[in-house]
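**Student:**
Residue numbers (my numbering): 311 to 922.
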């Protein structure tokens with residue numbers, strides 16, 4: 311459940327808050343049918359012929375001669391953004407803004423950075439915007455918000471209090487503000503700001519204020535306050551569906567019976583609250599109450615027989631309950647109904663329908679059952695246009711599982727990608743198929759070629775770096791990961807991958823620890839990063855510190871690699887019984903895990919069921 315929805319993520323909310331009146335304008339965006347001259351911001355003028363009057367320009371903005379090179383750079387940034395090549399769009403816009411001293415191009419770079427969710431670069435652009443237009447309050451507000459997004463929260467609370475006080479709809483302003491604060495990397499700081507914004511203020515007893523505080527508390531890990539404030543919000547506004555969903559989400563793990571009963575009473579009073587009822591179904595499934603979840607869906611279908619999406623959800627619930635025959639039955643019924651509706655005319659086409667998911671789930675059920683030919687048939691029968699790329703990717707994986715690697719590659723080659731994002735996914739899948747087929751060198755070559763086609767893709771760089779690690783090409787691995795970090799200084803897993811690689815080889819351990827500490831500061835609860843921290847501390851001889859981090863990682867994610875690491879540190883620390891117990895858990899879930907086998911062999915440990 312997400313209480314505060316914004317479009318698209320929190321970008322529009324940020325724009326609304328910092329610009330107060332409207333989203334950031336796009337004066338240089340290309341439009342169909344317009345010539346290059348129509349794309350120019352008012353301060354960018356054509357060369358002025360001799361003896362002619364000066365071109366009019368906006369007061370306070372530089373007058374810049376529009377050379378062919380300058381026009382090319384402006385258009386190149388926009389075209390890069392249209393392709394999804396956000397780094398190129400941001401860098402070009404900022405470079406042109408610095409060269410021309412035009413603040414609107416810095417603002418344009420900010421838009422590109424927000425669209426790509428690159429908050430560090432957005433802050434860079436906002437600071438440039440302020441530098442070039444120091445008297446613009448929108449620039450100042452954007453810089454403060456983005457400073458907070460990058461961990462610098464001073465001045466933010468006071469500014470937000472002023473902005474909420476100036477609005478007429480304070481409840482909506484508080485909800486939008488919480489949506490923005492949820493983007494901060496430091497959620498404890500966001501929670502502190504929200505408390506200052508909602509407590510001891512004239513609007514502190516608005517239901518939206520209590521709900522916003524509840525959401526911030528939840529994101530900061532204060533479950534008790536989150537549940538208490540959500541209940542307070544509902545008490546102030548008894549029929550508010552959002553508050554009911556919050557109570558259910560925040561309390562299902564600590565007070566399952568109580569919150570399920572509260573939700574059932576809410577549904578009895580508000581049977582039209584579809585979102586709450588669907589959240590109720592999900593919560594029941596999380597508690598292993600599949601029959602109750604299905605009963606709720608049946609009740610919803612009786613009340614709304616034309617809500618065809620419920621057919622799909624009955625399929626999903628049966629699938630998650632392990633009732634695959636029933637799941638296929640309901641999925642088939644939903645697919646038939648939705649296909650007929652689409653074929654009956656455009657007025658019945660719903661782009662938000664679950665037809666693509668239903669078709670893919672039906673094929674996955676067959677694939678998971680080992681019915682690969684049936685899975686292939688179902689994937690070929692997919693009719694939803696929006697699922698064609700996904701179906702093509704899955705067909706390649708099915709053919710690879712059948713040992714038909716040439717056909718798998720042919721399937722990937724035949725996918726008609728619409729944009730760079732889809733092209734990147736195809737190339738990542740190609741490398742995955744080759745890697746799992748044991749063709750490591752071919753997988754590396756395919757990603758190297760893909761990187762030439764999509765040089766801005768950090769995903770390709772990251773996967774290529776991991777393959778270089780398997781080839782023991784550490785210098786190439788480090789180059790790719792540092793390229794990612796340069797583009798995205800908040801790429802926690804790039805820091806972590808490089809730090810772990812150095813630690814695992816017991817080289818440059820101090821540097822490895824610094825890298826992992828940077829990753830941990832960005833994502834302090836990530837099990838993989840906690841594992842890396844424990845591992846580097848083990849390599850440095852700090853057994854107590856290593857155990858502290860590895861225990862946390864294992865508690866959050868009982869993964870084979872984490873368990874193997876924890877077992878080794880326990881063994882070396884003299885806790886043999888506990889080490890054997892954890893290794894036994896790893897062996898039960900992953901009996902052929904190579905890291906476990908290598909570790910046991912190196913430590914000369916015999917574990918039943920694991921080949922020495």
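Beta carbons: idealized from backbone N, C-alpha and C, even for Gly.
Within 10 Å of its beta-carbon, does residue 443 have 16 or more other beta-carbons around it, so buried, or fewer, so exposed?
**Tutor:** Residue 443 sits at position 133 when you count from the first residue of the chain shown. Classification of residue 443: buried, given that the 10 Å Cβ count is 16 or more.
**Student:** Rounded to a whole number of angstroms, what is the C-alpha to C-alpha distance between residue 821 and residue 839?
**Tutor:** Indexing the chain shown from 1 puts residue 821 at position 511. Indexing the chain shown from 1 puts residue 839 at position 529. Between residue 821 and residue 839, the C-alpha separation is close to 15 Å.
**Student:** Where does residue 817 land, buried or exposed, given buried means 16+ other C-beta within 10 angstroms?
**Tutor:** In the chain shown, the residue the question calls residue 817 occupies position 507. Residue 817 is exposed by the Cβ-count criterion.
**Student:** Can you say whether residue 875 is buried or exposed, counting buried as having 16 or more other CB atoms within 10 angstroms of its CB?
**Tutor:** As a position in the chain shown, residue 875 is number 565, starting the count at 1. Residue 875 comes out buried.
**Student:** Assuming residue 750 and residue 708 are in contact, meaning their beta carbons sit under 8 Å apart, how far apart are those beta carbons, in whole angstroms?
**Tutor:** As a working mapping, residue 750 is identified with position 440 in the chain shown. As a working mapping, residue 708 is identified with position 398 in the chain shown. No, residue 750 and residue 708 are not in contact; Cβ-Cβ is about 22 Å, not under 8 Å.
**Student:** Quick one: measure Cβ to Cβ for residue 743 and residue 775, integer angstroms, because I've assumed they're closer than 8 Å.
**Tutor:** Here residue 743 refers to the residue found at position 433 when the chain shown is read from its first residue. Here residue 775 refers to the residue found at position 465 when the chain shown is read from its first residue. About 19 Å separates the two Cβ atoms, so there is no contact after all.
**Student:** For a test of the three-state rule: what should DSSP assign to residue 622, helix, strand or coil?
**Tutor:** Mapped onto the chain shown, residue 622 falls at position 312. In this structure, DSSP gives residue 622 a helical state, which the three-state scheme calls helix.
**Student:** For a test of the three-state rule: what should DSSP assign to residue 724, helix, strand or coil?
**Tutor:** If you number the chain shown from 1, residue 724 lands on position 414. In this structure, residue 724 counts as coil in the three-state DSSP scheme.
**Student:** With three or more C-beta pairs closer than 8 Å as the rule, is the region 840 to 847 touching the region 799 to 812?
**Tutor:** yes
**Student:** Residue 530: which of 502, 399 and 669 sits nearest, CA to CA?
**Tutor:** Indexing the chain shown from 1 puts residue 530 at position 220. With distances taken between Cα atoms, residue 530 lies closest to 502.
**Student:** Does residue 696 pass the burial test, meaning 16 or more other C-beta atoms within 10 Å, or should it be called exposed?
**Tutor:** As a position in the chain shown, residue 696 is number 386, starting the count at 1. Label assigned to residue 696: exposed.
**Student:** Could you check which residue in 386, 392, 476 and 554 has the C-alpha nearest to that of residue 405?
**Tutor:** By one-based count along the chain shown, residue 405 stands at place 95. Measuring from the Cα of residue 405, the nearest candidate turns out to be 386.
**Student:** Kindly indicate which three-state DSSP category residue 756 falls into: helix, strand or coil?
**Tutor:** As a working note, residue 756 is residue 446 in the chain shown. Three-state result, residue 756: helix.
**Student:** Helix, strand or coil for residue 563, going by three-state DSSP, please let me know.
**Tutor:** Taking the chain shown and counting its residues from 1, one reaches residue 563 at position 253. In the structure shown, residue 563 sits in coil (DSSP, three-state: anything other than H, G, I, E or B).
**Student:** Secondary structure at residue 749, three-state DSSP: helix, strand or coil?
**Tutor:** For the purposes of this step, residue 749 is identified with residue 439 of the chain shown, where counting begins at 1. In the structure shown, residue 749 sits in coil (DSSP, three-state: anything other than H, G, I, E or B).
**Student:** Pop quiz: residue 881 and residue 872 are said to be a contact at Cβ under 8 Å. What is the actual Cβ separation, rounded to whole angstroms?
**Tutor:** Mapped onto the chain shown, residue 881 falls at position 571. Mapped onto the chain shown, residue 872 falls at position 562. The pair is not a contact, with the Cβ atoms about 15 Å apart (cut-off 8 Å).
**Student:** Please state whether the Cβ-Cβ distance between residue 394 and residue 616 is less than 9 Å.
**Tutor:** Against the chain shown, residue 394 aligns to sequence position 84. Against the chain shown, residue 616 aligns to sequence position 306. Contact: no.
**Student:** In or out: residue 432 buried (at least 16 other Cβ within 10 Å) or exposed?
**Tutor:** As a first step, residue 432 must be located in the chain shown, where it is residue number 122. Residue 432 is buried by the Cβ-count criterion.
**Student:** Select from 583, 540 and 679 the residue whose C-alpha is nearest the C-alpha of residue 629.
**Tutor:** For the purposes of this step, residue 629 is identified with residue 319 of the chain shown, where counting begins at 1. The candidate whose alpha carbon is nearest that of residue 629 is 679.
**Student:** Quick one: what's got a C-beta closer than 6 Å to residue 754's C-beta in the same chain, skipping five residues either side?
**Tutor:** Taking the first residue of the chain shown as 1, we reach residue 754 at position 444. The residues are 777.
**Student:** Can you name, in chain order, every residue of its own chain whose Cβ lies under 6 Å from the Cβ of residue 350, other than the five neighbours on each side?
**Tutor:** Here residue 350 refers to the residue found at position 40 of the chain shown. The pLDDT assigned to residue 350 is 28, lower than 50, so where the model puts this residue is not dependable, and the model offers no usable value.
**Student:** In terms of alpha-carbon separation, which member of 672, 664 and 665 lies closest to residue 637?
**Tutor:** Stepping through the chain shown from its first residue, residue 637 is reached at position 327. The option with the nearest alpha carbon to residue 637 is 672.
**Student:** Pick from 913, 917 and 492: whose alpha carbon is nearest that of residue 924?
**Tutor:** The question about residue 924 has no answer, for the chain in this structure spans 311 to 922.
**Student:** Residues in the same chain with beta-carbon distance under 6 Å from residue 786, minus the five sequence neighbours each way, listed in chain order, please.
**Tutor:** As a working note, residue 786 is residue 476 in the chain shown. Closer than 6 Å at Cβ, skipping near neighbours: 778.
**Student:** Can you tell me where the alpha helix (DSSP H) holding residue 430 begins and where it ends?
**Tutor:** Translated into the one-based positions of the chain shown, residue 430 becomes position 120. From DSSP, the alpha helix (DSSP H) with residue 430 extends over 429 to 442.
**Student:** By alpha-carbon positions, which one of 861, 851, 795 and 856 ends up nearest to residue 829?
**Tutor:** For the purposes of this step, residue 829 is taken as the residue at position 519 of the chain shown. The closest CA to that of residue 829, considering only 861, 851, 795 and 856, is found on 795.
**Student:** Residue 688 to residue 732, Cα distance in whole Å?
**Tutor:** Taking the first residue of the chain shown as position 1, residue 688 is located at position 378. Taking the first residue of the chain shown as position 1, residue 732 is located at position 422. Computed Cα separation, rounded: 22 Å.
**Student:** Suppose you measure from the CA of residue 413 to the CA of residue 446; what does that come to, to the nearest Å?
**Tutor:** As a working note, residue 413 is residue 103 in the chain shown. As a working note, residue 446 is residue 136 in the chain shown. For residue 413 and residue 446, the distance between alpha carbons rounds to 10 Å.
**Student:** Cα separation between residue 712 and residue 692?
**Tutor:** Taking the chain shown and counting its residues from 1, the one referred to as residue 712 is at position 402. Taking the chain shown and counting its residues from 1, the one referred to as residue 692 is at position 382. Answer to the nearest angstrom: the Cα atoms are 20 Å apart.
**Student:** With DSSP collapsed to three states, give me the class of residue 478.
**Tutor:** Within the chain shown, numbered from 1, the residue matching residue 478 stands at position 168. Looking at residue 478 - three-state DSSP - the assignment turns out to be coil, as it is neither helix nor strand.
**Student:** Roughly how many whole angstroms lie between the Cα atoms of residue 389 and residue 521?
**Tutor:** For this step, residue 389 is matched to residue 79 along the chain shown. For this step, residue 521 is matched to residue 211 along the chain shown. Rounded to whole angstroms, residue 389 to residue 521 spans 41 Å at the Cα level.
**Student:** Run through DSSP, which three-state label would residue 363 get?
**Tutor:** In the chain shown, counting from the first residue as 1, residue 363 sits at position 53. Residue confidence is low: residue 363 scores 33 on pLDDT, short of 50, so the model does not pin down where it sits. No coordinate-derived value is stated.
**Student:** Check whether the Cβ of residue 859 lies closer than 8 Å to any heavy atom of the ligand FMN, and answer yes or no.
**Tutor:** Ligands in the displayed structure: none, and consequently the ligand FMN is not present.
**Student:** Please classify residue 803 as buried or exposed, where buried requires at least 16 other C-beta atoms within 10 Å of its C-beta.
**Tutor:** Here residue 803 is taken as the residue at index 493 of the chain shown, counted from 1. Under this definition residue 803 is a buried residue.
**Student:** Report back the beta-carbon spacing between residue 573 and residue 558 to the nearest angstrom; my notes put them in contact at under 8 Å.
**Tutor:** Along the chain shown, one-based indexing puts residue 573 at 263. Along the chain shown, one-based indexing puts residue 558 at 248. Indeed they touch by this definition, with Cβ atoms about 5 Å apart.
**Student:** Around the Cβ of residue 764, are there at least 16 other Cβ atoms within 10 angstroms (buried) or fewer (exposed)?
**Tutor:** Counted from its first residue, the chain shown places residue 764 at position 454. Answer is buried; the Cβ neighbour count reaches 16.
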